[in-house]
Each structure stands twice: as C-alpha cells, then as structure tokens.
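*Asks:* Below is one structure. I have some questions about it.
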Amino acid sequence: MRKVTSRWVPHQLTDEQKQPRVQLCRENLTKFQDGSWRLCDIITGDETCIYHRQIHHKSTNATWIGESESPTTIEIWKQRKSAGIKGVKLLHDNAGLHRHSDVINYLTEEGINIMPHPPYSPDLAPCDYWLNDYIKCNLSDQPNEKSLARAVSKVVKNIPKEEFTKTFDKLLGRMELCINNHGDYFEHLIK
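Residue numbering for the sequence shown follows this note's numbering, starting at 54 and increasing by one per position.
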C-alpha cells in the first residue's frame, strides 16, 4: 500500500530539482509583470480523492490505495467567461499523463498554451495549495457517487470570484517565495 495525498512531498529537493523551480518561477513572473500574461487567463486542474462521508480534518487529503491502483477521479470544469480558449494558459502539474506526447500535441493543436510548471511543486499549484481543501471543507456527506458529483460541482460553481482572485494573486507571491528561498519548499514560511 502507498499513501496518496494532495500535498505529498516526495523528498527533500536536490539542487538539481531546486534550479528549475527558480528558473520557471522567474520566467513565469516576468511574463506576468511585463503584461504578456494575465492571471485571468489561467485555467488549472487536478484530481483529488473525495469521499461520500466527510471527515473534516487533515486526513481528508490522504487515502490508501493498492500499489497498482489509480485514484478514482471526477472531472469538474468551470466555464470561462471570455473568448473561448484564445490566450488560455493551462496550469497543471507534471503528472505523467499531463506530459504525454498525445496530450501535449492535442493541447498545441487546440491552441492551448501550457504554463510551465516545475516538477515536485505542489506549493506552486493552486489546486494543491487551495482548491482541493476548499472543496472538501465545503462538502457535506453524500449518499452516492452521483450526489457527490453534484455537490462538488455546486461547491465549485459557488466559489466567489474574490476567492479565485485572491488565490491567483497568491500564486505570484508563491513564485516570489520560491525564488527568494532558492527553489526550496516554502510552506513553512507562509503565515
């Protein structure tokens, strides 16, 4: 058995792992600061385990699965009120499926830009540092998978715009923290 958690940190980062974190944060921040990228153009996503019965403590971020099992997922999409996918920056982690050539080719063909995200960086992924917990904290127990999917969708649809704004503003601050902390994890520095 292995433990799967939305904030799992695999190990202490090596210098070789810290360097791309700093480099990508610098490059991404520069694009936001010079106006070539806008926070409102970011679309993000991830998968997480959500249970019918809500536990409401730290263990809601973790589950035990068999070595060869994949976590069950429910997809949730929030519609973007703008000009379709033009200018969209997709921010997702470096999971194997996200890096697969078929996925990269499809996104490229569809005109979706992939926002570079450094490996081993849950602290730089809004789903990991905010959304997954937000959803779980706002759910009640559900009798079945269908009602759970509806409840999760309702929570996501009812997230105030200000909450998204605050979260993506924090993303820029987190990039700065990563740079200032020389690529090392910085969660312990956030109050």
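Note that beta-carbon positions come from the ideal geometry of N, C-alpha and C, so glycine has one too. Note that the coordinates shown come from a computational prediction; the quantities given were computed from them, not determined experimentally.
Please return the same chain residues whose Cβ sits closer than 6 Å to the Cβ of P171, not counting the five positions on each side in sequence.
*Replies:* For this step, residue 171 is matched to residue 118 along the sequence shown. Cβ neighbours of P171 beyond the five flanking positions: P73, R74 and L77.
*Asks:* Out of I188, E240, L192 and T218, which has the shortest C-alpha to C-alpha gap to E100?
*Replies:* As a working mapping, residue 100 is identified with position 47 in the sequence shown. Of the listed residues, the one whose Cα sits closest to E100 is I188.
*Asks:* Could you please give me the residues that DSSP links to K142 through a beta bridge?
*Replies:* Position 89 of the sequence shown holds residue 142. Beta-bridge pairing links K142 to I95 and N166.
*Asks:* How big is the Cα-Cα spacing for R91 and N234?
*Replies:* Numbered from its first residue, the sequence shown carries residue 91 at position 38. Numbered from its first residue, the sequence shown carries residue 234 at position 181. If I take the Cα positions, the gap works out to 24 Å.
*Asks:* I need the straight-line Cα distance from Q70 to G236, nearest angstrom please.
*Replies:* Translated into positions along the sequence shown, residue 70 becomes position 17. Translated into positions along the sequence shown, residue 236 becomes position 183. Whole-angstrom Cα-Cα distance: 8 Å.
*Asks:* Please go through the same chain and pick out, in chain order, the residues whose beta-carbon is closer than 8 Å to the beta-carbon of I157, but skip the five residues on each side of it.
*Replies:* Reading the sequence shown from its first residue, position 104 is the one you call residue 157. If we look at I157 and ignore the five residues flanking it on each side, its Cβ neighbours are I167.
*Asks:* Helix, strand or coil for E48? Go by DSSP, reduced to three states.
*Replies:* Here the chain has residues from 54 to 244 only, and residue 48 is not among them.
*Asks:* Look up N234 in the DSSP assignment and say whether it is helix, strand or coil.
*Replies:* On the sequence shown, residue 234 is found 181 positions in, with the first residue counted as 1. N234: coil per DSSP, three-state reduction.
*Asks:* Under DSSP, the alpha helix (DSSP H) around G149 begins and ends at which residues?
*Replies:* Position 96 of the sequence shown, counted from the first residue, corresponds to residue 149. G149 -> alpha helix (DSSP H) spans G149 to R152.
*Asks:* For a quick check, are the C-beta atoms of P179 and T220 less than 7 Å apart?
*Replies:* Your numbering for residue 179 matches position 126 in the sequence shown. Your numbering for residue 220 matches position 167 in the sequence shown. Yes. Within cutoff.
*Asks:* Hey, how far is the Cα of G88 from the Cα of L82?
*Replies:* Here residue 88 corresponds to residue number 35 of the sequence shown, with the count starting at 1. Here residue 82 corresponds to residue number 29 of the sequence shown, with the count starting at 1. Distance between the alpha carbons of G88 and L82 is about 10 Å.
*Asks:* Starting from the C-beta of N147, find all residues in its chain whose C-beta is less than 7 Å away, skip the five residues before and the five after it, and write them out in chain order.
*Replies:* For the purposes of this step, residue 147 is taken as residue 94 along the sequence shown, with counting starting at 1. H170 and P172, listed in sequence order.
*Asks:* Any chance the CB of D181 is under 6 Å from a heavy atom of the ligand COA?
*Replies:* Of the ligands one can find in the structure shown there are none, so the ligand COA has no counterpart to examine.
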